[in-house]
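Beneath this line is the structure, given in structure tokens, with notes to follow.
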Amino acid sequence: MTVKVYGPTYASPKRVLMCLIEKEIDFEVVLLDIFKGDHKDPEFLKLQPFGQLPLVQDGDYTLYESRAIIRYYAEKYKSQGTDLLGKTIEDRGLVEQWLEVEAQHFHPPIYDLVLHVLFAPVLGTPSDAKVIRESEEKLGKVLDIYEDRLSKSKYLAGDFFSLADLSHLPFGHYLMNQMKKGYMVRDRKHVSAWWDDISNRPSWNRVLQLYQYPI
Ligand SMILES: N[C@@H](CCC(=O)N[C@@H](CS(=O)(=O)O)C(=O)NCC(=O)O)C(=O)O
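All the letters of the sequence shown, read from the start, carry residue numbers 1 to 215 under full-length UniProt numbering.
As structure tokens, this is what we get:
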């Protein structure tokens, strides 16, 4: 049964697409338009009660929350494609640690920047300069910690590319491209080298080639 990924053009679903490509898992997609409210359609809400993307359907198994989905497939298909979880339980602990750091420390400020810098002008919602300034300050402090970590380790969890690195790509792409805030990465030598390494992976370039961002 082919995995069905809902909402491939949006950022969080791109986490899932990259994981599936790295694990050599076939998939098909279901296009939805957030700007038309497709994600709030009652039929979709029966599958994803929070009305967010992604959702995946794998036969009669349905899953949402992008980070849960990538953990599921990385584990289920551990023996094929790229090993994204490390070799030992200690490796796995560090993969989980940096996945949580991405979700709890990297994502919130960058998500606020995306909303206030990119989406606000399109949606006609407020673009709050104070939120933008504070989010950039918070993100800068997070990236300083990344700079220290990546001065000692090629990737976040160790000397291997993992889900932790992968999880940063969809919103990091916004920072480096649409938001034109690449200086936040380029001003940090080790973060910059790390970003160039992970964002040049064929799997990520395949995702970008297949499914354009909406903004
Ligand atoms: N924690 C969720 C967040 C998903 C999420 O915020 N998706 C956005 C799209 S994107 O920001 O990832 O591009 C969405 O559905 N937004 C619509 C909404 O929140 O109403 C995940 O990681 O799957």
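Glycine included, every Cβ here is placed at the ideal spot set by N, Cα and C. Owing to the predicted nature of the structure, the values given are computational and were not obtained by experimental measurement.
Sequence-distant residues of the same chain with beta carbon closer than 7 Å to residue i, five excluded per side
| i | result |
| --- | --- |
| residue 165 | 155, 156, 198 |
| residue 206 | 21 |
| residue 63 | 56, 69, 72 |
| residue 212 | 9 |
| residue 38 | 32, 44 |
Of the residues the options, the one placed nearest residue i, counting alpha carbons only
| i | options | result |
| --- | --- | --- |
| residue 65 | 54, 73, 59 | 54 |
| residue 149 | 94, 202, 178 | 94 |
| residue 189 | 76, 151, 119, 124 | 151 |
| residue 159 | 91, 178, 180 | 91 |
| residue 208 | 122, 182, 186, 177 | 177 |
| residue 146 | 47, 194, 181, 175 | 194 |
Contact belief for residue i with residue j at Cβ below 8 Å, rounded distance in angstroms
| i | j | result |
| --- | --- | --- |
| residue 170 | residue 15 | 5 Å |
| residue 103 | residue 85 | Residue 103 to residue 85, Cβ: 16 Å. No contact. |
| residue 184 | residue 139 | 6 Å |
| residue 77 | residue 23 | 5 Å |
| residue 109 | residue 127 | Actually they are not in contact, since the Cβ atoms of residue 109 and residue 127 sit about 15 Å apart, beyond 8 Å. |
Bridge partners - residue i, DSSP secondary structure assignment
| i | result |
| --- | --- |
| residue 58 | 61 |
| residue 102 | Beta-bridge pairing links residue 102 to no other residue. |
| residue 161 | Answer by DSSP bridge pairing: none, since residue 161 is not bridged. |
Beta carbon of residue i nearer than 9 Å to that of residue j
| i | j | result |
| --- | --- | --- |
| residue 70 | residue 203 | no |
| residue 210 | residue 163 | no |
| residue 32 | residue 6 | yes |
| residue 26 | residue 2 | yes |
| residue 112 | residue 131 | yes |
8 Å CB neighbourhood of residue i in its chain, flanking five on each side removed
| i | result |
| --- | --- |
| residue 12 | 52, 53, 54, 66, 170 |
| residue 4 | 27, 28, 29, 30, 56, 57, 58 |
| residue 192 | 185, 186 |
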